[in-house]
Amino acid sequence: AQVVGYKYIRLYHPNESSKLYPRVGRMSNNSFVDLTNVDEAAFPLFKEASYSECVIGPGDMLFIPRWHWHFVESITKHSAMEWLHNSCKMAE
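Count along the sequence shown from 1, then add 4; that gives the number in our numbering.
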């Protein structure tokens, strides 16, 4: 939940993973691509990756589905709260 300020957010569906040049091993949920300065020669498929984007501000909440790639950039000074949800089995 965004409390103060604004952030730009870009989301990529897991189906776009091959175009995002994921790292390998323990960092496989990170991309080699620097979205603030994309090297199109090194990452030619990146420009073909489809994405959704938005700007969130005070009072906004954004749900990021499991396995979706996300890029977040602060537009202004900000404060936010984050909840991480893991599915768990209910006691019977």
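Ideal Cβ placement from N, Cα and C applies to all residues, glycine included.
These numbers come from a predicted model, not from an experiment.
Other residues of its chain near residue i: CB distance less than 6 angstroms, five sequence neighbours each side excluded
i, result
"Glu52", "Lys23"
"Leu39", "Phe75"
Rounded C-alpha distance that separates residue i from residue j
i, j, result
"Met85", "Val42", "29 angstroms"
"Ala5", "Cys58", "14 angstroms"
"Glu96", "Arg70", "Reliability of the predicted coordinates at Glu96 is poor, the pLDDT of 47 falling under 50, and the value obtained from them is presented with this limitation in mind. Taking the straight line from one Cα to the other gives about 26 angstroms."
"Met31", "Ser78", "23 angstroms"
"Ala45", "Gly9", "35 angstroms"
Contacts around residue i, its chain only, beta-carbon distance under 7 angstroms, and the 5 residues preceding and following it disregarded
i, result
"Val76", "Lys11, Ile13"
"Tyr16", "Leu24, Ala53, Tyr55, His72, Trp73"
"Val37", "Leu24, Tyr25, Phe47, Phe50"
Continuous beta strand (DSSP E) stretch holding residue i: start and end
i, result
"Phe50", "Careful: Phe50 lies outside any beta strand (DSSP E) and carries neither H nor E."
"Arg14", "11-16"
Proximity winner among the options, relative to residue i (alpha-carbon distances)
i, options, result
"Asn33", "Glu20, Asp64, Gly9", "Glu20"
"His82", "Pro62, Thr40, Pro18", "Pro62"
Same chain only: Cβ atoms within 8 angstroms of residue i, ignoring 5 sequence neighbours per side
i, result
"Ile60", "Gln6, Tyr10, Lys11, Ile13, Leu66"
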